[in-house]
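Reviewing the structure listed below.
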Amino acid sequence: MELIGDISFRMNPITDLDVDEMIGEVKAAKMLQGYRGAPPGDIPALKELMQRLSALVEEVPEIVELDLNPVKVLEPGKGAVVVDTRMRVRSVPQRWLPSRKDIPAAERRLR
2 MELIGDISFR MNPITDLDVD EMIGEVKAAK MLQGYRGAPP GDIPALKELM QRLSALVEEV
62 PEIVELDLNP VKVLEPGKGA VVVDTRMRVR SVPQRWLPSR KDIPAAERRL R
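Numbering of the sequence shown is given in the numbering used here, commencing with residue 2 and proceeding in unit increments.
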């Protein structure tokens with residue numbers, strides 16, 4: 002619903018509460034709940050998709066941009082389908098992983 006400005010943003014990583022708020026903030030939320038006789042959408046599947054994407058972006062820092070368009074939310078129990086994805090990646094310097102040696106107090110205790 003980006004075309005009509007019906008979007009919601011959060012900083013990553015997102016929590017289950019963030020996901021609930023994001024889904025509730027958009028005008029299309031009424032369609033997900035079932036509107037004018039239309040069946041509701043599989044909201045738990047949409048929530049899981051959003052949380053998994055958050056985890057992916059957190060785990061793979063090379064992902065700079067991710068666009069899923071459209072995401073079809075099927076009937077309850079049927080899931081959600083990502084029709085098209087565009088991802089932009091960049092190289093990142095090797096991550097620094099701290100160890101106990103990096104903690105000054107721990108260094109003194111080891112000697």
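Where a beta carbon is used, it is the ideal one built from N, C-alpha and C, also for glycine. Owing to the predicted nature of the structure, the values given are computational and were not obtained by experimental measurement.
Query	Result
Considering only C-alpha positions, which residue in the set V27, D17 and V20 is nearest to G6?	V27
Taking 8 Å as the threshold (C-beta atoms), are V93 and P62 in contact?	yes
Figure out for me which residue from G25, L54 and P77 has the closest Cα to the Cα of M1.	Given a span of 2 to 112 for the chain in the structure shown, any question on residue 1 remains unanswerable.
Can you tell me whether V58 is helix, strand or coil according to DSSP?	helix
Could you tell me whether the Cβ atoms of E76 and P45 are closer together than 8 Å?	no
Between which two residues does the beta strand (DSSP E) harbouring L67 extend?	I64 to L69
Which stretch, first to last residue, makes up the beta strand (DSSP E) that contains M32?	Per DSSP, M32 belongs to no beta strand (DSSP E); it is in the alpha helix (DSSP H), A30 to L33.
Going by DSSP, what residue range makes up the beta strand (DSSP E) through V72?	V72 to V74
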